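Heads up: the protein sequence lines correspond to chains A and B, in order.
Numbering of the first sequence is given in our numbering, commencing with residue 7 and proceeding in unit increments.
Numbering of the second sequence is given in our numbering, commencing with residue 2 and proceeding in unit increments.
The beta-carbon is built from N, C-alpha and C at its ideal position, and this holds for glycine as well.
Computed from a prediction, not measured in an experiment: that's the story for all the values here.
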Amino acid sequence: FMKKHLNSPYEINLMDELTLKGVTQYYAFVQERQKVHCLNTLFSKLQINQSIIFCNSTQRVELLAKKITELGYSCFYIHARMNQQHRNRVFHDFRAGHCRHLVCSDLFTRGIDIQAVNCVINFDFPKHAETYLHRIGRSGRYGHLGIAINLITYEDRFALHKIEQELGTEIKPIPKVIDKALYVAEYGSEPDPDNE
Amino acid sequence: RRRNTPREECFSAPSQSFLGEFDFEKNLALFDKQAVFEEIESSSYPAE
């Protein structure tokens with residue numbers, strides 16, 4: 007069908023273009039009530055250039071963004087219930103580097119293609135492998151440097167198992183010290199001349 | 002649809018309670034991933 011009807015098609019936005027290659031994936035085991043504390047410690051320990059933090063509902067996006075601001079970090083947020091124009095504006099400003107952290111629900115359908123984002127945090131672990139891949143996966147146009155940190159509760163154990171199986175990947179326990187070469191451009195093997 | 006656990010309880014604690022460092026290792030020790038996965042694989046949980 008494809009061969010017959012498409013004349014040298016230019017393909018975009020296909021699942022198999024997203025890759026987890028080069029993204030180091032960790033999990034931290036937490037209880038629901040420890041999540042914000044855990045996140046706060048991650049912010050203080052990691053060398054984050056820009057980060058995206060995913061929640062599983064629009065309400066939780068708003069609550070978390072408020073909390074992060076209370077903690078003294080600057081953040082933007084976007085979720086599916088905001089109008090498209092507002093979303094575009096926030097996303098544009100984030101991409102331009104006006105803010106370090108972006109809290110959001112699942113509205114990226116192409117994976118994240120912002121080069122400056124070196125850390126993705128699943129504040130809420132997703133239920134489906136496809137969602138996980140869209141959140142963590144890179145489209146491959148930009149360097150493959152980055153870490154993904156998943157906050158896992160005991161209730162997430164089935165989803166964790168399922169997603170690892172379906173994606174054929176391994177999410178490792180977060181180590182005491184995370185090697186900067188895994189996610190900080192100037193320490194890595196893929197130095198980025200535009201960064202600085 | 003959602004279980005009746007207090008899903009929002011992570012947002013209710015005052016910010017002051019987060020000043021100390023979160024203990025990753027202590028918490029990781031509470032979850033034996035290997036054992037939990039073996040249990041999942043060996044039991045007949047319906048696949049969602």
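Short CB-CB distance (under 8 Å) between residue i and chain B
i, result
"residue 35 of chain A", "yes"
"residue 163 of chain A", "yes"
"residue 39 of chain A", "yes"
"residue 25 of chain A", "no"
"residue 43 of chain A", "yes"
"residue 47 of chain A", "yes"
"residue 69 of chain A", "yes"
"residue 184 of chain A", "no"
"residue 76 of chain A", "yes"
"residue 201 of chain A", "Summary for residue 201 of chain A: the model assigns pLDDT 49, below 50, so the residue's position carries little reliability; its value from the coordinates is reported in the next sentence. No, its Cβ sits nowhere closer than 8 Å to a Cβ of chain B."
"residue 59 of chain A", "no"
"residue 167 of chain A", "yes"
"residue 153 of chain A", "no"
"residue 132 of chain A", "no"
"residue 127 of chain A", "no"
"residue 180 of chain A", "yes"
Chain A within 8 Å of residue i, Cβ atoms only
i, result
"residue 36 of chain B", "no"
"residue 39 of chain B", "no"
"residue 16 of chain B", "yes"
"residue 12 of chain B", "yes"
Residue j beta carbon less than 8 Å from that of residue i
i, j, result
"residue 126 of chain A", "residue 103 of chain A", "no"
"residue 79 of chain A", "residue 43 of chain A", "no"
"residue 221 of chain A", "residue 169 of chain A", "Outside the displayed range of chain A (7 to 202) lies residue 221 of chain A, so it cannot be described from this structure."
"residue 101 of chain A", "residue 74 of chain A", "no"
"residue 175 of chain A", "residue 26 of chain A", "yes"
Assigned secondary structure, residue i (DSSP; H/G/I helix, E/B strand, else coil)
i, result
"residue 191 of chain A", "helix"
"residue 123 of chain A", "strand"
"residue 11 of chain A", "helix"
"residue 159 of chain A", "coil"
"residue 141 of chain A", "helix"
"residue 111 of chain A", "coil"
"residue 38 of chain B", "helix"
"residue 74 of chain A", "helix"
"residue 182 of chain A", "coil"
"residue 47 of chain A", "helix"
"residue 59 of chain A", "strand"
"residue 105 of chain A", "coil"
"residue 2 of chain B", "Low local confidence applies: a pLDDT of 40 at residue 2 of chain B is under 50, so the model's placement there is unreliable, with the coordinate-based value given in what follows. Residue 2 of chain B: coil per DSSP, three-state reduction."
"residue 53 of chain A", "coil"
"residue 30 of chain A", "strand"
"residue 175 of chain A", "coil"
"residue 135 of chain A", "helix"
Presumed contact (8 Å Cβ cut-off) between residue i and residue j, rounded CB distance
i, j, result
"residue 29 of chain A", "residue 142 of chain A", "6 Å"
"residue 157 of chain A", "residue 24 of chain A", "That belief does not hold up - the Cβ atoms of residue 157 of chain A and residue 24 of chain A are roughly 22 Å apart, past 8 Å."
"residue 59 of chain A", "residue 109 of chain A", "5 Å"
Practice problem: Pair every Cβ in the region 125-139 of chain A with every Cβ in the region 53-71 of chain A, then say whether three or more of these pairs are closer than 8 Å. | Solution: yes
Quiz item: Are the region 49-56 of chain A and the region 181-191 of chain A touching by the rule of at least three beta carbon pairs closer than 8 Å?
Solution: yes
Practice problem: Pair every Cβ in the region 31-39 of chain A with every Cβ in the region 161-179 of chain A, then say whether three or more of these pairs are closer than 8 Å. | Solution: yes
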